[in-house]
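Notes follow the structure.
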Amino acid sequence: MPRSLFDKVWDAHVVEELPGGNALVFMDLIVAHEITTPPGAIAIERDFDDRLYDPRRIVAMIDHVSPAKDSATALQGQTVRNWAKRQGIVFHDIGDNGICHVIVPERGYIGPGMTACCGDSHTCTLGAFGAFALGIGTTAQAGAMLAGCLILQRPKVMRVEVTGELQAGATAKDLALTVIATIGFRGGTGYVLEYTGSAIRALTMEQRMTLCNMAIEAGATTGMIAADATTAAYLAATPNTPAFSLDVQADPDAEYAKTVTIDGSAVRPMVSWGTNPGECSPIDGIVPFDAPAESLAYMDLKPGRAMATIAIDQAFIGSCTNSRISDLRAAAEVFRGRKVTVPTIVTPGSQVVRRQAEREGLHDIFQDAGALWTHSSCGPCLGMSMGVLAPGMRCVSSSNRNFPGRMGDGGRVHLAAPVVVAASAILGRIASPAELPAVRETVLA
Amino acid sequence: MIVEGSVLPVRRANVDTDQIIPARYLTRIDADGMGEHLFEGMPDGPHLLAQHPGASIVVAAENFGCGSSREHAAWALLGRGFKAVIAPSFARIFEENAYTNALVPIVVPAAVAEELMSAQHIVIDVAAETLRADGGEPVSFSLDPLRKQFVLGGGFLQFLNAKIPEIRSWEAAR
Chain A
1 MPRSLFDKVW DAHVVEELPG GNALVFMDLI VAHEITTPPG AIAIERDFDD RLYDPRRIVA
61 MIDHVSPAKD SATALQGQTV RNWAKRQGIV FHDIGDNGIC HVIVPERGYI GPGMTACCGD
121 SHTCTLGAFG AFALGIGTTA QAGAMLAGCL ILQRPKVMRV EVTGELQAGA TAKDLALTVI
181 ATIGFRGGTG YVLEYTGSAI RALTMEQRMT LCNMAIEAGA TTGMIAADAT TAAYLAATPN
241 TPAFSLDVQA DPDAEYAKTV TIDGSAVRPM VSWGTNPGEC SPIDGIVPFD APAESLAYMD
301 LKPGRAMATI AIDQAFIGSC TNSRISDLRA AAEVFRGRKV TVPTIVTPGS QVVRRQAERE
361 GLHDIFQDAG ALWTHSSCGP CLGMSMGVLA PGMRCVSSSN RNFPGRMGDG GRVHLAAPVV
421 VAASAILGRI ASPAELPAVR ETVLA
Chain B
446 MIVEGSVLPV RRANVDTDQI IPARYLTRID ADGMGEHLFE GMPDGPHLLA QHPGASIVVA
506 AENFGCGSSR EHAAWALLGR GFKAVIAPSF ARIFEENAYT NALVPIVVPA AVAEELMSAQ
566 HIVIDVAAET LRADGGEPVS FSLDPLRKQF VLGGGFLQFL NAKIPEIRSW EAAR
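The listed protein sequences correspond, in order, to chains A and B. All the letters of the first sequence, read from the start, carry residue numbers 1 to 445 under the working numbering. All the letters of the second sequence, read from the start, carry residue numbers 446 to 619 under the working numbering.
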């Protein structure tokens, strides 16, 4: 029987079928960070003599709050740090770390055909490599650390075919938001999204990661993109290139529970107006007239409002969605020679990204523009540190979630691509880079 | 196993786990202390809780528990005395976490959830997979047959622990 990419990866990792459509699924990689790992590690220490299935399959790091912001987060970090040390687990401490979904690919820990899990919903990012990678809870992660496996219901597979190719001005973030708006904010629940088509094949690995990162925002178990020469070239340049093959591909006649086709050439820059990532409009569009009143009340917006007239209080470029070097380069091109008019934070996704950006002088461009250039962190994306919003503050953000309170109690979030965040930071309102006046060339006397 | 109590009606759809327990409280190395911050991230959440003192069953709208994978959402509900959540649909990770922690996740049609939001008292027979609101007709639901055992008797990690020899031989033959 012809099989999808997901089917092949799943089938190769099922240890045992269990009642009720469940299966015991082997995990090749378990990613562990300081926020969600400690209670599971402590439970294993207490109830199972600190015994792990295979510490070599675990990669741990300080991820969300880096460095610790208070004693409580320091204890979280120290708990993971000590645990990794005594277990001989690879550990990325502050200075050598970053957001897990950025550093796991950049260090070459993930490859095609692998399975991976983490107590973090955006683990779906790793599906960009043709892996089956998903977010799970703390106890499920503890189970994988203890026994090497997750218990999972076999998801259905939805093929998301993106035809044509992205046009100038449209980014992977805009495609991700378009996918969510198309299939619906919960339209992916119970499915794995398998992205195919010419527009997908043309994406770089960093763009693929941005796209897969937001599969969870459609409720999907994960997103997946079959590996190809682009994947191979990326992996070959990583310090721990995994042994991999490009053989795991969907059969041409594979059947899917559902197929959705999106015209990639028609994707436009998108900005969210509501309180979930599916509630978004093209940047030159309006808040829809049928927008839910509940969302608009929270966002303090009215139907019909032109997106590009909404004034902002803060701008944020960062998060596991859009904090990689290509995101920073694109934003820097917008900032170059211009000045921000609202508080603006630029947070690289890892220390490796930070150093690369500084080698290229991007940090000077950000700082010359008046933005704050930080070290890597999850930062304000989840309202935890380094730029949390006050009630009523409105932030345009390159992150992934605009739920009520996500970036701070009562804060309002508009999701957009890094270039749109940069343009908005300059004009003080939601804005497209196309709206910016040209930078006057400096004439040397 | 019988779970019963009064209802906290959560009428908003898509209540994500940041609304159930904001990230600023995810700073502990154990599962304690979450209950006092339950629904602090949800508009009017604390007010809603104050209006329904003693409630132990959440009746929610579509897609409850979407977003972040944080198991703290289940811990916060349990820590505040909730024993079950009834909704037309759950996000995958929240539902898995609920089963693992014996917070009974019950899926019912949207119209049934809507009715249950105004119920005074709900009695849930977990083993029999039925519930009754205010002494009315029983409504049946179905639980995941494997995970139901973790609700009834716990033992999620023990279940996996017992599978290790089989997993090791699978891996050796891989």
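We treat Cβ as the ideally placed atom computed from N, Cα and C, and that holds for glycine.
* **Per-residue contacts from Glu16/A into chain B (C-beta, under 9 Å)** => The answer, in chain order, is Lys608, Glu611, Ile612, Trp615.
* Mind checking if Thr545/B is an interface residue toward chain A, Cβ cutoff 8 Å exclusive? -> yes
* To do: Measure the C-alpha to C-alpha separation of Arg51/A and Ala250/A and round it to an integer number of angstroms.
  => In this structure, the alpha-carbon of Arg51/A lies about 37 Å from that of Ala250/A.
* Under a three-way DSSP split, which group does Met487/B fall into? -> coil
* CA-to-CA distance, His64/A to Gly349/A, given in whole angstroms -> Rounded to the nearest angstrom, the two C-alpha atoms are 11 Å apart.
* Asked: Going by alpha carbons, who is nearest to Val342/A out of Gln87/A, Ala431/A, Val160/A, Met205/A?
  -> Ala431/A
* Tell me whether Gly380/A sits in a helix, a strand or coil according to DSSP, three-state version. => According to the sequence displayed, residue 380/A carries Pro and not Gly. Pro380/A: helix per DSSP, three-state reduction.
* Whole-angstrom distance between Ile569/B and Phe403/A, CA atom to CA atom -> 31 Å
* In angstroms with no decimal places, state the Cα-to-Cα distance between Leu146/A and Leu493/B. => 40 Å
* Asked: Alpha carbon to alpha carbon, what distance is there between Gly411/A and Arg305/A?
  -> The straight-line gap from Cα to Cα measures roughly 19 Å.
* Beta-carbon proximity list for Asp579/B, same chain, < 7 Å, skipping 5 on both sides -> Ala564, Gln565, His566
* Evaluate Pro467/B with the Cβ neighbour count: other Cβ atoms within 10 Å of its Cβ, from every protein chain shown; 16 or more gives buried, anything less gives exposed. => Pro467/B should be labelled buried.
* To do: Return the chain-ordered list of same chain residues with a C-beta closer than 7 Å to the C-beta of Gly137/A, the five sequence neighbours on each side being excluded.
  => Gly119
* Asked: Going straight from the alpha carbon of Glu106/A to that of Gly264/A, what length do you get?
  -> 27 Å
* Rounded to whole angstroms, what's the CA-CA distance from Thr73/A to Thr241/A? Just pull it up for me. => 32 Å
* Asked: Does any CB atom of chain B fall closer than 8 Å to the CB of Pro67/A?
  -> No, because no Cβ of chain B sits closer than 8 Å to the Cβ of Pro67/A.
* Nearest to Leu415/A by CA position, among Thr171/A, Leu362/A, Arg154/A, is which residue? -> Closest option to Leu415/A, Cα to Cα, is Thr171/A.
* Verify the CB distance criterion: does Ile466/B have a CB-CB separation below 8 Å to chain A? => no
* Asked: Across which residues does DSSP place Leu29/A in a beta bridge pair?
  -> Ala116/A
* Contact list for Glu294/A against chain B, beta-carbon separation under 7 Å -> Arg457
* To do: Look at the alpha carbon of Val420/A and the alpha carbon of Thr231/A, and state the distance between them as a whole number of angstroms.
  => Using only the alpha carbons, I get a separation of about 27 Å.
* Could you run through the stretch 181-215 of chain A and flag, in chain order, every residue whose CB is less than 9 Å away from some CB of chain B? => Phe185, Arg186, Thr189, Gly190
* Which runs of the beta strand (DSSP E), 3 residues or longer, sit entirely within the stretch 215-273 of chain A? -> 222-224, 258-263, 270-272
* **Chain-ordered chain A contacts of Asp463/B [CB-CB under 9 Å]** => Leu382, Gly383, Arg401, Phe403, Pro404, Gly405, Arg406
* Would you grab the beta carbon distance between Leu193/A and Ala220/A for me? Rounded to a whole angstrom, and I think it's under 8 Å. => 5 Å
* Asked: Does the distance from the C-beta atom of Thr204/A to that of Ser376/A stay below 8 Å?
  -> The answer is no: Cβ separation not under 8 Å.
* **Pair within 8 Å by beta-carbon distance, Val248/A and Leu5/A** => yes
* Where the beta strand (DSSP E) containing Ile531/B begins and where it ends -> 529-532
* Determine the extent of the alpha helix (DSSP H) in which Thr462/B is found, giving its start and end residues. => 462-465
* **Spatial neighbours of Arg208/A in its chain, beta-carbon cut-off 6 Å, leaving aside the 5 residues before and after** => Ala128, Ile225
* To do: Take the Cβ of Phe335/A as the centre, count every other Cβ of all protein chains shown within 10 Å, and call the residue buried at 16 or more, exposed below.
  => buried
* Any contact of the stretch 18-32 of chain A with the stretch 268-281 of chain A, i.e. 3+ C-beta pairs under 8 Å? -> A contact is defined here as three or more CB-CB pairs under 8 Å, and the stretch 18-32 of chain A fails this definition with respect to the stretch 268-281 of chain A.
* To do: Return the Cβ separation of Ala543/B and Ala519/B in integer angstroms, given the expectation that the two are a contact with Cβ distance under 8 Å.
  => 5 Å
* **Selection of the stretch 475-495 of chain B by Cβ proximity to chain A, strictly under 8 Å** => Asp475, Ala476, Glu485, Gly486, Met487, Pro488
* Asked: Which residue or residues does DSSP assign as beta-bridge partners of Gln314/A?
  -> Cys395/A
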